[in-house]
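Inspection log for the structure reproduced underneath, given as structure tokens.
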Amino acid sequence: MAGAVLDASAVLALLRSEAGAEPIAELLAESLVCVVNEAEVIGVLVQRGSPPAEALEIVSGLPYRLVDLDRRLARRAGTLWLAGKPHGLSLGDRCCLALAERERLPVYTADRSWARLALDLDVRLVR
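For the sequence shown, this note's numbering assigns the number 63 to the initial residue and increments by one for each residue that follows.
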């Protein structure tokens, strides 16, 4: 059973052993990650110097459950644009939030602006 949804920033905090990594490590195996957010993690790893094959290997070793972006999630992410615009939310952010909303799970992020969202979600900041 899933216990949380993780944003790319939470996964990256874990991979880089940053502040806030401990709670993510504890719930990683029971967490959901949207494919869009995993793509963001891979992109950041490559941008910061990891060869693509290594970045793919790193994320392949993480025990979270990967969730595909289906039509329902995509449409909800699109409608979250209005709520997210003042906070600069990316498409990946909105996909993550839509997944947390659909699954009725807390969502973990390092993005402090999420705490100010006018959405009925349990947003938990990792730092």
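For each residue, glycine too, the CB sits at the ideal point set by N, CA and C.
Can you give, in chain order, each stretch of the beta strand (DSSP E) that sits fully within the region 76-144 and has at least 3 residues?
Listed in chain order, the beta strand (DSSP E) elements of length 3 or more contained wholly in the region 76-144 are 93-96, 127-129.
C-beta contact flag for E100 and V121 at 7 Å:
V121 sits close to E100, with the two beta carbons spaced by under 7 Å.
For L68, which residues from the same chain have a beta carbon less than 6 Å from its beta carbon, with the 5 sequence-adjacent residues on both sides left out?
If we look at L68 and ignore the five residues flanking it on each side, its Cβ neighbours are S93, V95, Y170.
Is G154 closer than 7 Å to V97 when the C-beta atoms are compared?
In this structure, G154 does not lie closer than 7 Å to V97 by Cβ.
Restricting to Cα atoms, I'd like to know which of K147, R138, R189 is closest to A162.
Comparing Cα positions, the closest option is R138.
What would DSSP say about A70, mapped onto helix, strand or coil?
Here A70 sits in helix by DSSP.
With 16 other Cβ atoms within 10 Å as the buried cut-off, status of S71
Classification for S71: buried.
State the Cα-Cα distance for the pair G65 and G111, rounded to the nearest angstrom.
Straight-line spacing of the CA atoms in G65 and G111 works out to 32 Å.
Mark E88 as exposed unless 16 or more other C-beta atoms lie within 10 angstroms of its C-beta, in which case mark it buried.
With fewer than 16 other Cβ atoms within 10 Å, it is exposed.
Checking 7 Å against the spacing of the C-beta atoms, do L90 and P114 come in under that value?
No.
Integer Cβ distance of G82 from A172, believed to fall under 8 Å
Yes, they are in contact, since the Cβ atoms of G82 and A172 sit about 6 Å apart, within 8 Å.
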